[in-house]
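What follows is a single structure, written as structure tokens, with notes after it.
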Amino acid sequence: MSQTPIFITGVYRSGTTLLTGLIGAHNDIDIGHPTVQYYRYILKKNIDPAKFKDIVQEISDRIDFRYGIKLDIIRILKEIEAEALNKGQVDHKIIYDCVTRGLHGFSGKRWSEKILLEWSNIPTFLEMYPKGKTVHIIRDPRDVLASYKNMTYETEDKYLDAVFNCLDSMQHARKYLEELTSDSYYLVKFEDLVTNKMEEVKKLCKFLDLNFDPSHYDQDNIKEGAGDGAVDLTIKTHSAFPDSADQDSFKRWDTKLSMEELDFAESVLGEEMKYFGYEPSDRLECSDFKWLLNIFENNPLIKERFSTYLETGKGAESFPSDATDPKNWSSSTLDQGKELGKGAANAYKKLFQ
1 MSQTPIFITG
11 VYRSGTTLLT
21 GLIGAHNDID
31 IGHPTVQYYR
41 YILKKNIDPA
51 KFKDIVQEIS
61 DRIDFRYGIK
71 LDIIRILKEI
81 EAEALNKGQV
91 DHKIIYDCVT
101 RGLHGFSGKR
111 WSEKILLEWS
121 NIPTFLEMYP
131 KGKTVHIIRD
141 PRDVLASYKN
151 MTYETEDKYL
161 DAVFNCLDSM
171 QHARKYLEEL
181 TSDSYYLVKF
191 EDLVTNKMEE
201 VKKLCKFLDL
211 NFDPSHYDQD
221 NIKEGAGDGA
231 VDLTIKTHSA
241 FPDSADQDSF
251 KRWDTKLSME
261 ELDFAESVLG
271 EEMKYFGYEP
281 SDRLECSDFK
291 WLLNIFENNP
301 LIKERFSTYL
311 ETGKGAESFP
321 SDATDPKNWS
331 SSTLDQGKEL
341 GKGAANAYKK
351 LFQ
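So that you can map any letter, position 336 of the sequence shown is 336 in this note's numbering, and since no number is skipped, the others follow by simple counting.
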């Protein structure tokens, strides 16, 4: 069983894919760009680990359906049963570890996984793997909002949810910097990763107990995906604005957000932005937010998020739509030729029967 796996998380459009590609470029690491997603699909649903055969089948079908990756189910089940025999019982740690190692063909390398919007499970991961490492990335929330607005499957004004996701992410980051040890939790800023890539990678390697070799981080070694489906990764390949230069990854909000959107983001996120060194705009105006009333009338989600923020001061940690519902999977997934209600969708439903 792996004892020192790596958990990577952050808000969508915050640089998680670039971060994962850089960590995965190291020869000693096997990494998956969101694939198993054990916390979202299994733990948060309170599924009994005794159903490990059904759990493995669901994960296998979903990974095949969404990413075209086939798992060796027989080998994974044998590994789980062997680990459970040694421990005296099967638990989620054993299942998660065996499935993730199986994703990489039981190579024997140290595994890592990126899971968006799962920073609240960082303590859970460290409880499961006391010697594990967690990496949390943040980005100027105004740029996250601008990017998500320009590149999302969500409809209408749901892109504004990025404000509340960034708030929750940054609030947890502040908490973890105070409460977690420096050898278990590492916070990286997207802007530092892009501006001083090699310096930041060197720091990451030190934190992850990896030897730093600059040759690992040649562009040809930085990939997205797992197995045969991995493709070359650059900032442009995953950008919401692919025609922009890399250095334009910063302060896009200045031209991509309306005055109302900017006012809204900075009003909600001002305290966290100041803490993490993101300067307020010089074109901020006091908005009466009447435009929000129109959004609230047509978008219950944003209304609920804003009400929660006013009552508690807290953000949110979830996509606007249920990411575990196959109906909300991206069109690129559904175009693979399988019907909803069969395959992955059917296997997932079986867990709740």
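All residues carry an ideal CB built from backbone N, CA and C; glycine is no exception. It should be emphasised that the depicted structure is a prediction, and the values quoted were computed from it without experimental measurement.
Bridge partners for Val188 per DSSP, in chain order? As a first step, residue 188 must be located in the sequence shown, where it is residue number 188. Answer by DSSP bridge pairing, in chain order: Ile137.
Which residues in the same chain have their Cβ closer than 6 angstroms to the Cβ of Arg252, if we skip the five residues on either side of it in sequence? On the sequence shown, residue 252 is found 252 positions in, with the first residue counted as 1. Contacts found: Asp143, Ala146.
If I measure Cβ to Cβ from Lys197 and keep anything under 8 angstroms in the same chain, skipping five residues before and after, which residues do I get? To locate residue 197, count along the sequence shown from 1; it is residue 197. Excluding sequence neighbours, Lys197 sits near Leu22, Tyr217.
Alpha carbon of Phe296 to alpha carbon of Ile55, nearest angstrom: By one-based count along the sequence shown, residue 296 stands at place 296. By one-based count along the sequence shown, residue 55 stands at place 55. Their backbone Cα atoms lie some 39 angstroms apart in a straight line.
Neighbourhood of Ser239 by C-beta, 7 angstroms cutoff - its chain only, sequence neighbours within 5 removed: Counting from one through the sequence shown, the residue named residue 239 turns up at place 239. Here Ser239 scores only 48 on pLDDT, less than 50, and its place in the model is too uncertain to base an answer on.
Taking buried to mean at least 16 other C-beta atoms within 10 Å of its own C-beta, is Leu19 buried or exposed? If you number the sequence shown from 1, residue 19 lands on position 19. So Leu19 counts as buried.
Where Tyr176 falls, given that 16 or more other Cβ within 10 Å makes a residue buried: Counting from one through the sequence shown, the residue named residue 176 turns up at place 176. Counting Cβ neighbours within 10 Å, Tyr176 comes out buried, since at least 16 surround it.
Mark Ala173 as exposed unless 16 or more other C-beta atoms lie within 10 angstroms of its C-beta, in which case mark it buried. The residue labelled residue 173 in the question sits at position 173 within the sequence shown. Buried, since its Cβ has 16 or more Cβ neighbours within 10 Å.
Along the alpha helix (DSSP H) that carries Lys251, what are the first and last residues, could you check? By one-based count along the sequence shown, residue 251 stands at place 251. For Lys251, no alpha helix (DSSP H) segment is defined, and its DSSP state is neither H nor E.
Can you confirm whether the stretch 319-326 touches the stretch 180-188 when touching is taken to mean that 3 or more C-beta pairs between the two stretches lie within less than 8 angstroms? Contact between the stretch 180-188 and the stretch 319-326 is absent: fewer than 3 CB-CB pairs across the two stretches fall below 8 angstroms.
State the DSSP-derived secondary structure class of Thr4, mapped to helix, strand or coil. Taking the first residue of the sequence shown as 1, we reach residue 4 at position 4. Under the three-state reduction of DSSP output, Thr4 falls in the coil class, being neither helix nor strand.
For the beta strand (DSSP E) containing Asp30, name the first residue and the last one. Here residue 30 corresponds to residue number 30 of the sequence shown, with the count starting at 1. Where Asp30 is concerned, the enclosing beta strand (DSSP E) stretches over 29-32.
Proximity of Glu141 and Leu301 at Cβ, strictly below 7 angstroms: Residue 141 sits at position 141 when you count from the first residue of the sequence shown. Residue 301 sits at position 301 when you count from the first residue of the sequence shown. The question names Glu, but residue 141 is Pro in the sequence shown. Taking a C-beta distance under 7 angstroms as the contact criterion, Pro141 and Leu301 do not qualify as a contact pair.
Between which two residues does the beta strand (DSSP E) containing Glu113 stretch? Residue numbering aside, residue 113 sits at position 113 when the sequence shown is read from its first letter. From DSSP, the beta strand (DSSP E) with Glu113 extends over 110-114.
Look at the Cβ atom of Ile6, then the Cβ atom of Lys133, and state whether they are nearer than 7 angstroms. To locate residue 6, count along the sequence shown from 1; it is residue 6. To locate residue 133, count along the sequence shown from 1; it is residue 133. Yes; because the gap between Cβ atoms is below 7 angstroms, this pair is in contact.
Between the stretch 91-110 and the stretch 23-39, do at least 3 Cβ pairs fall closer than 8 angstroms? In short, these stretches touch, since the Cβ pair count reaches three.
Check the DSSP bridge columns for Gly10 and list the partner residues they point to. Numbered from its first residue, the sequence shown carries residue 10 at position 10. Answer is Ile137, bridged to Gly10.
At least three beta-carbon pairs within less than 8 angstroms, the stretch 114-123 to the stretch 269-281: Between the stretch 114-123 and the stretch 269-281 there are fewer than three inter-stretch CB-CB distances shorter than 8 angstroms, so the stretches are not counted as touching.
The alpha helix (DSSP H) with Ser169 in it runs from where to where? Taking the sequence shown and counting its residues from 1, the one referred to as residue 169 is at position 169. Counting along the chain, the alpha helix (DSSP H) containing Ser169 begins and ends at 161-179.
Cβ-Cβ separation, Ile73 to Gln57 (assumed contact under 8 angstroms), whole Å: As a working note, residue 57 is residue 57 in the sequence shown. As a working note, residue 73 is residue 73 in the sequence shown. Rounded to whole angstroms, the Cβ separation of Gln57 and Ile73 is 7 angstroms, and the two are in contact under 8 angstroms.
For Cys166 and Pro49, I'd like the C-alpha separation in whole angstroms. On the sequence shown, residue 166 is found 166 positions in, with the first residue counted as 1. On the sequence shown, residue 49 is found 49 positions in, with the first residue counted as 1. Using only the alpha carbons, I get a separation of about 32 angstroms.
Pop quiz: Ile76 and Ile69 are said to be a contact at Cβ under 8 angstroms. What is the actual Cβ separation, rounded to whole angstroms? The residue given as residue 76 occupies position 76 in the sequence shown. The residue given as residue 69 occupies position 69 in the sequence shown. The beta-carbon separation of Ile76 and Ile69, rounded to 13 angstroms, does not stay under the 8 angstroms limit for a contact.
What number of angstroms, rounded off, separates the C-alpha of Asn298 from the C-alpha of Leu210? For the purposes of this step, residue 298 is identified with residue 298 of the sequence shown, where counting begins at 1. For the purposes of this step, residue 210 is identified with residue 210 of the sequence shown, where counting begins at 1. Taking the straight line from one Cα to the other gives about 50 angstroms.
Mind checking Gln3: buried by the 16 CB within 10 Å criterion, or exposed? Mapped onto the sequence shown, residue 3 falls at position 3. When all chains shown are included, Gln3 counts as exposed.
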